[in-house]
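Chemist: The structure follows.
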Amino acid sequence: MRRADALADHGERPWWWDAVCYQVDVGSFADGDGDGVGDLDGLRDRLGYLELLGVDAVVLAGTAGLDPAAENFADLLVEAHEAGMRVMLALDVDPARTDPGSVLLPWLERGVDGFHLAPRPDPADAIGAVLADYPDRVVIGSGPGDWHLAFNLDLAVAGFAAEPVREAIKDVLAAPAPRPAWAMASRDTERSRDEAALTPVRAMALVQLALPGAVCLRHGEELGLPGAHRVRMPWEGDRPPFGFSTAEADWSSIPADWVAFTVEAQLEDAASTLSLYRQALETRSTHPAFTSDQVEWFGAPEECFAFRRTGTSLICALNTSPSAVPVPPGELLLSSRPLESGELPPGTAAWLV
């Protein structure tokens, strides 16, 4: 857990400026009542994990049919707020078909902290009118609009090649507004990873977390989970459903070899993907070098790049070439793989100060 007095000084900036937003598909995260389906009570039981990870806002997806007046939703709000986390909802609001007020106001009146809205043509004005009386609430939007944060998948689309990633970063940071919310996956993207593919995944996580702006993580992303999208979260144990539920059901859709990907297993492994995320998120929230809003680029070998957070000592270096390359000068803070004789191995990112 991060102590308040250990956080980096971001001045008078709002909480969402560099927030870690963690999207939970409620039905796939944790089953609290033993019926085989994830629910709010299961999520409440796992808030301690999200606090440990360093999450600033929990974004609830898959909430169709959820009643804003439900007692367990009120309990979730209270418990998340007590743990220092906000609660947001991922919603698809189409002003051309539905009055935004009828969708958003019941949640706003219950105290939800904001929304992550699906892309729709020209929704900003209609939604902005609803939110005018709630100036402290936050909207993560997609596409044009006067949002607080702009969700983007530019890093994911760029693939694992230094030049396209560099150009994607430059394009996003050159946009006048709103502030970027960097994502490597969305609720509807497919996970197609195996253990070998974790090398670029881990490297791109460090690139994402080194950039100015908020970040949007999808549940299980910090575990490097392979397989299909909207997976059931593997928590502990040595057999499916790995602590997701106590229901006696057919869990054959969950691979038995996910035992290596459980939260329990990765918390005990200092070299795991979860441990890398935890260390990176902790460093990002406490180190003063992560407070500037622009980057400057340095010369780098072919198929590599290096940038510095402007006005700070933080350098992020990425090597997408097939060969090891020299590491930029500085003290190593973190790397996605161990360095090799002081060089940055292929498929590796590093933070230096």
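In my numbering, the protein residues as written are 602 to 954.
Note that beta-carbon positions come from the ideal geometry of N, C-alpha and C, so glycine has one too.
Values in this document were obtained by computation on a predicted structure and should not be read as measured data.
#1: Determine the contact status of G742 and E883, defining contact as a CB-CB distance below 7 Å.
#2: Assign L718 to buried or exposed, taking buried as 16 or more other Cβ atoms, counted over all protein chains shown, within 10 Å of its Cβ.
#3: Note down, one range per segment and in chain order, each beta strand (DSSP E) of at least 3 residues found wholly within the region 626-698.
#4: Per DSSP, what kind of secondary structure is Q895 in: helix, strand or coil?
#5: Going residue by residue through the region 822-904, where are the continuous beta strand (DSSP E) segments of at least 3 residues, counting only ones entirely within it?
#6: Take the Cβ of W617 as the centre, count every other Cβ of all protein chains shown within 10 Å, and call the residue buried at 16 or more, exposed below.
#7: Should E932 and T911 be called a contact, given that it needs their Cβ atoms to be closer than 7 Å?
#8: What residues match up with I916 in a beta bridge as DSSP calls it?
#9: Here's the rule I'm using: 16 or more other beta-carbon atoms within 10 Å means buried, otherwise exposed. How should P701 be labelled?
#10: Return helix, strand or coil for E613, following the three-state DSSP convention.
#11: Can you list, in chain order, the residues of its chain whose CB lies under 7 Å from that of L799, leaving out five sequence neighbours each side?
#12: Between the Cα of F716 and those of A757, C622, V926, spot the shortest distance and give me the residue it belongs to.
#13: With a threshold of 7 Å on Cβ separation, who are the neighbours of G643 within its own chain once the five nearest residues in sequence on each side are excluded?
#14: The beta strand (DSSP E) with S937 in it runs from where to where?
#15: Output needed for V729: all residues of its chain with C-beta closer than 7 Å, excluding positions within five of it in sequence on either side, in chain order.
#16: From A684 to E652, what does the alpha carbon distance come to, in whole angstroms?
#17: Do three or more CB pairs link the region 836-845 to the region 853-867 at distances below 8 Å?
Modeler: Straight from the coordinates:
#1: Here residue 742 refers to the residue found at position 141 when the sequence shown is read from its first residue. Here residue 883 refers to the residue found at position 282 when the sequence shown is read from its first residue. Here G742 is not near E883, since their CB atoms are 7 Å or more apart.
#2: What you label residue 718 is simply residue 117 of the sequence shown in a count that begins at 1. With a 10 Å radius around the Cβ and a threshold of 16 neighbouring Cβ atoms, L718 comes out buried.
#3: Entirely contained in the region 626-698, the beta strand (DSSP E) runs reaching 3 residues are, in chain order, 658-662, 687-692.
#4: Within the sequence shown, the letter at position 294 stands for residue 895. Collapsing the DSSP output to three states places Q895 in coil.
#5: Annotation note: the region 822-904 contains the following uninterrupted beta strand (DSSP E) runs of length 3 or greater, listed N- to C-terminal: 896-899.
#6: Taking the first residue of the sequence shown as position 1, residue 617 is located at position 16. So W617 ends up on the buried side.
#7: Position 331 of the sequence shown holds residue 932. Position 310 of the sequence shown holds residue 911. No, the Cβ-Cβ distance between E932 and T911 is not below 7 Å.
#8: Position 315 of the sequence shown, counted from the start, is the residue given in the question as residue 916. By DSSP's assignment, I916 forms a beta bridge with R909, L953.
#9: If you number the sequence shown from 1, residue 701 lands on position 100. Classification for P701: buried.
#10: By one-based count along the sequence shown, residue 613 stands at place 12. If DSSP states are grouped into helix, strand and coil, E613 belongs with coil.
#11: Locating residue 799 in the sequence shown gives position 198, counting from the first residue. Within the same chain, Cβ atoms closer than 7 Å to the Cβ of L799 are found at G825, T874, the five residues on either side in sequence being excluded.
#12: Your numbering for residue 716 matches position 115 in the sequence shown. Nearest option by C-alpha distance: C622.
#13: Position 42 of the sequence shown, counted from the first residue, corresponds to residue 643. So the list reads F630, A631, D632, G633, once near-sequence residues are dropped.
#14: Indexing the sequence shown from 1 puts residue 937 at position 336. Careful: S937 lies outside any beta strand (DSSP E) and carries neither H nor E.
#15: Locating residue 729 in the sequence shown gives position 128, counting from the first residue. The sequence shown places Gly at residue 729, rather than the Val named in the question. Shown here for G729: same chain residues with a beta carbon closer than 7 Å to its own, the five before and five after excluded, namely D747 in chain order.
#16: Position 83 of the sequence shown holds residue 684. Position 51 of the sequence shown holds residue 652. Here the alpha carbons of E652 and A684 stand approximately 7 Å from one another.
#17: Because the criterion of three Cβ pairs below 8 Å is met, the region 836-845 and the region 853-867 touch.
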